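**Student:**
Residue numbers (this note's numbering), protein chains in the order written: chain A, 240 to 1008; chain B, 92 to 384.
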């Protein structure tokens, strides 16, 4: 059916709200979709990395002579070679602190020290094994709390990038591992806490876990003297372009980043990862160079932040929380990456979705001698919720209050002020809570099980998060002379279904079937600027830009109709419109849209702002478990997660985003952990680091949403990429406590940990057996 | 990763394979490849020669002779899983196979390969220990048999010479009507067990007349709980009895790694020993831990 200007059967909402199957789904399941990791360019050569075996040390010497002699090896590169083509080899989004290859010092085990470029990846791999290096080992610091006061400094001086105004004062700072301290002050914590009827203080910890995308990191750089092209597995091509242009001292228009489909990212492929290295190697090799990681190498690229969270609350005699202090320490690893942003942007929600008059938050980003930490599906919020929702349950138990009623008494509802001072809008937290409780049948009697060794329990948790702000998205909608529409947007479809959702919004505005909208592959020469596919921002920010671009195109088509003499309300086929105007099938109508939300920077020192986020993400989880008290084994019999999505643009995609996020977090909660011994990761492979599989699914898994119109959102919608990760961990820990009376303060909740806690509670610790 | 280069050999007869193994330096035998291939690819082993046994004739098959189940070393685990003979004569082996890796790995994995790799947590190793199996080996000097109790020489190390090949496994079957139970505790379904337990019971007239109890995954090789075996023979099977005598398993020497501490392994040995005996004696049919996944 040909697209027409004002179709008579036009139905508002016919495209938005449809569970349109993924536009690229068939290509993906039939193996036709393009991914960087399997892509090859003519004349391409391959690089593999030689990595540090010490956590902190001065490089005394690197011997590459044997590697150079391997047939097929073209170059063996150290930072000295890099600095011949790029004077300053340092990169990073918040700090320019990460060298392309280790420079003078190594700062973590696994840090790239040298690279081999060869005609074949296996030759490169073999040659890497012939490289040797000598280090003068230095004392190292691994723990985030120790790093605060340690006299071991990971960096001699700090090098903030100019991008972030709030990091400027750290320029050239010496003798510190603190990359950022974020503070929020509201009311008078000390006074309110001292006066409170009940006082509570707990310390929670989270472990080091990582993203493990199905497609490991991969980047191909094709360097020419006048321009450079990257084929990149990246969640943020616009940022990559800016950073590469900075390294080269070139204008952005000479740098081209092409991004095929991503085999997921979860935050790992943000900002800049392998691109600077690939650039340097391609400049040296004068051929296209591919750098592609193995699964094992991902353990040395980027992880989630381990954290220590000291939380204090004062509660009055009516069960109202009157004061809360949050001290959060983020283990950032050897290079800052986006850690300072995690520290600040999640730090501001550290006190939880509660209505508390007196709040004190200190959130510190710390350098340590381990693999760098960055964004991972939730930008730090899951670590915070782990603490404050465990803390909430512990307080309720101590106060002999029902944990759900205790929460209800304290929830921050619409119209109340958040700890930042922003008045909460579109914040239907009670709706989310009620839906979880309804599906859990919370008000009905709970079966605690009849077996003497198996104890049943249930738990609940609730959370909110502010979307990262302010950020910008730009989109273009191009209507061709035959009436077909093409969308140019930089949001990277890495499995979340953004291409389909964005196409649905174009189709809704233009009154055409979603399946007829073509979404161009990401290419910074073609697709306009986008801040990045991160932090659940795309559907909201890019969604606005896409909607505006489509509306702009629609308005221009109407103007064109007027210009060629069509009457008002004409239903002329679009193709005929172009024919009339240009005399043949020719021409384009180009609509564009830009979106950047309003924002007020938090006041320095107090973190207060009337407008710190354009929308809130809300999630609640309920879990039921069976604990085998003889072994500590936990079987999850029910896991229910409810989020507020504003409006489901594509209901099926919303549901799978929720189930995917919940299961990913189930792994982090129950068994995933990078074991680190003296800085060395001892389980850096999928044989020893297990992620959830189908057998780990809860007996019953429900992934649900409520639709509470987001008044400033495109079609009332907001993002849901991360939100279902927030509450899974504490809901499970609360359920275990409910089942058998033990409280675990540090993830993961594996069987031995649970069993040890049971024995400790009995007064017979396992180690004394 | 990919393995560094090696020379590949595909002998057609056992004599040829033994000949190659005896003459080549730094050679590895390839059976089902479910352990060797990942170890090659991750460069944990660096052989100069790989001798593939998959084309050697007469190394696979299952038969019963005079109360002994004889299984060729190259018999696939999946074939054992579907063997009526195994299910009828050796229910312990049948149960254990359901825990061996996944369907995909059982399609390829062999019993001989698993025994020679000798992972401390491997189910088939535990079954052979429980059944007092005998391992048949061929070398340049002819053939010999090794009692399974003597087969593990250390961690991942069978007591065979570098020039010997395991050809068959002989499992003396227990009388018809005997009871068997194989259970294990793993991080996730399909993962290597942290601790496993295999129980065999002969019960006549309400009393245990013969017992075998083996704990896998605790030490470098499976351990027979002889103290428990001796204590329960002649007794009526009850949960109270099993709970009392299985405490002795806490004294087993235990390994520690990132997956479990030594004292936790010892504790699991106690719990799993009791549960395996209870299951074999039909005392725990409704126990939640015996429910299918």
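By construction, the Cβ of each residue, glycine as well, lies at the ideal position given by its N, Cα and C atoms.
All values derive from a computational prediction rather than experimental measurement.
Between which residues of its own chain and residue 242/A is the CB-CB distance below 6 Å, once the five residues before and five after are set aside?
**Tutor:** So the list reads 722, 751 and 813, once near-sequence residues are dropped.
**Student:** Name, going along the chain, the residues of the segment 442-455 of chain A whose beta-carbon falls closer than 9 Å to a beta-carbon of chain B.
**Tutor:** Answer in chain order: no residues at all.
**Student:** So with Cβ pairs under 8 Å, would you call residue 365/A a contact of chain B?
**Tutor:** Yes, contact with chain B.
**Student:** Measure the C-alpha to C-alpha separation of residue 540/A and residue 534/A and round it to an integer number of angstroms.
**Tutor:** Computed Cα separation, rounded: 11 Å.
**Student:** How do the segment 363-382 of chain A and the segment 298-315 of chain A stand: do at least 3 beta-carbon pairs fall below 8 Å, yes or no?
**Tutor:** Counting Cβ pairs under 8 Å, three or more are found: they touch.
**Student:** Can we say the segment 400-418 of chain A touches the segment 372-392 of chain A, given the rule of at least three CB pairs closer than 8 Å?
**Tutor:** Taking 8 Å as the limit for Cβ pairs, the verdict is that the segment 372-392 of chain A does touch the segment 400-418 of chain A.
**Student:** For residue 402/A, tell me which candidate among 1002/A, 625/A and 576/A has the shortest Cα-Cα distance.
**Tutor:** Checking every option, the nearest Cα to that of residue 402/A belongs to 576/A.
**Student:** What residues in the segment 355-366 of chain B bring their beta carbon closer than 8 Å to a beta carbon of chain A?
**Tutor:** Those would be 355, 357, 358, 359 and 362, in chain order.
**Student:** Would a check of beta-carbon distances place residue 190/B closer than 8 Å to chain A?
**Tutor:** No, because no Cβ of chain A sits closer than 8 Å to the Cβ of residue 190/B.
**Student:** If you follow the beta strand (DSSP E) that residue 694/A is part of, which residue opens it and which one closes it?
**Tutor:** Segment 693-705, the beta strand (DSSP E) holding residue 694/A.
**Student:** For residue 416/A, which of helix, strand or coil comes out of DSSP?
**Tutor:** In this structure, residue 416/A counts as coil in the three-state DSSP scheme.
**Student:** My guess is that residue 143/B and residue 100/B are in contact by the Cβ rule of under 8 Å, so how many angstroms apart are they, rounded?
**Tutor:** Sure, about 7 Å apart at Cβ, within 8 Å.
**Student:** Quick one, which of 835/A, 935/A and 642/A has its alpha-carbon nearest residue 697/A's?
**Tutor:** It is 642/A whose Cα lies nearest to the Cα of residue 697/A.
**Student:** Within a Cβ cutoff of 8 Å, which residues of the same chain sit near residue 384/B, ignoring the five residues on either side of it in sequence?
**Tutor:** Residue confidence is low: residue 384/B scores 45 on pLDDT, short of 50, so the model does not pin down where it sits. No coordinate-derived value is stated.
**Student:** Should residue 343/B be flagged as near chain A, meaning a C-beta pair shorter than 8 Å?
**Tutor:** By this cut-off, residue 343/B is not an interface position.
**Student:** Mapping the DSSP letters down to three states, classify residue 132/B as helix, strand or coil.
**Tutor:** Residue 132/B falls in the helix class under three-state DSSP.
**Student:** So which residues on chain B does residue 932/A lean against when the C-beta distance must stay under 9 Å?
**Tutor:** The answer, in chain order, is 279, 280 and 281.
**Student:** Rounded to the nearest angstrom, what separates residue 280/A and residue 736/A at their Cα positions?
**Tutor:** In a straight line, the C-alpha of residue 280/A is about 28 Å away from that of residue 736/A.
**Student:** I'd like the span of the beta strand (DSSP E) that includes residue 111/B, first residue to last.
**Tutor:** Note, residue 111/B: premise wrong, no beta strand (DSSP E); alpha helix (DSSP H) at 105-114.
**Student:** Which residue's Cα is closest to the Cα of residue 124/B: 345/B, 168/B and 267/B?
**Tutor:** Ranking 345/B, 168/B and 267/B by Cα distance to residue 124/B puts 168/B first.
**Student:** Given a cut-off of 8 Å on the beta-carbon distance, is the pair residue 334/B and residue 308/B in contact?
**Tutor:** No.
**Student:** Counting Cβ pairs closer than 8 Å, one from the segment 286-299 of chain A and one from the segment 474-494 of chain A, do we hit at least three?
**Tutor:** Judged by Cβ distances under 8 Å, the segment 286-299 of chain A makes no contact with the segment 474-494 of chain A, as fewer than three pairs qualify.
**Student:** Taking the DSSP output, what are the residues bridged to residue 859/A?
**Tutor:** Paired residue(s): 701/A and 881/A.
**Student:** If you drop the 5 nearest sequence neighbours on each side, which residues of the same chain put their C-beta closer than 7 Å to that of residue 930/A?
**Tutor:** These residues qualify, in order along the chain: 451, 906 and 911.
**Student:** With DSSP run on the structure shown, which of helix, strand or coil describes residue 892/A?
**Tutor:** The answer is helix: DSSP assigns residue 892/A an H, G or I state.
**Student:** Contact between the segment 576-590 of chain A and the segment 329-337 of chain A: three or more CB pairs below 8 Å?
**Tutor:** The segment 576-590 of chain A is in contact with the segment 329-337 of chain A.
**Student:** Which residue from 446/A, 763/A, 351/A and 508/A puts its Cα closest to that of residue 473/A?
**Tutor:** The residue with the shortest Cα to Cα distance from residue 473/A is 508/A.
**Student:** When you compare each of 734/A, 624/A and 920/A to residue 611/A by their alpha carbons, which one comes out closest?
**Tutor:** If we check each option's Cα against that of residue 611/A, 920/A comes out closest.
**Student:** Relative to the C-alpha of residue 557/A, which residue among 620/A, 635/A and 523/A is closest?
**Tutor:** Ranking 620/A, 635/A and 523/A by Cα distance to residue 557/A puts 635/A first.
**Student:** Would a check of beta-carbon distances place residue 351/B closer than 8 Å to chain A?
**Tutor:** By this cut-off, residue 351/B is an interface position.
**Student:** For residue 952/A, which residues in the same chain have their Cβ closer than 6 Å to its Cβ, ignoring the five residues on either side in sequence?
**Tutor:** Result list for residue 952/A: 779 and 885, in chain order.
**Student:** Taking the CB atoms as reference points, tell me whether residue 454/A and residue 502/A lie closer together than 8 Å.
**Tutor:** Cβ atoms of residue 454/A and residue 502/A: closer than 8 Å.
**Student:** Which residues in chain A have a C-beta closer than 8 Å to the C-beta of residue 370/B? List them in chain order.
**Tutor:** Chain A residues near residue 370/B: none, gap ~14 Å exceeds 8 Å.
**Student:** Pick from 985/A, 409/A, 978/A and 892/A: whose alpha carbon is nearest that of residue 739/A?
**Tutor:** Comparing Cα positions, the closest option is 892/A.
**Student:** Taking the alpha carbon of residue 240/B as the reference point, which residue from 317/B, 293/B and 252/B has its own alpha carbon closest?
**Tutor:** Considering only alpha carbons, the answer is 317/B.
**Student:** Could you tell me whether the Cβ atoms of residue 134/B and residue 182/B are closer together than 8 Å?
**Tutor:** Taking 8 Å as the Cβ cut-off, residue 134/B and residue 182/B do not qualify as a contacting pair.
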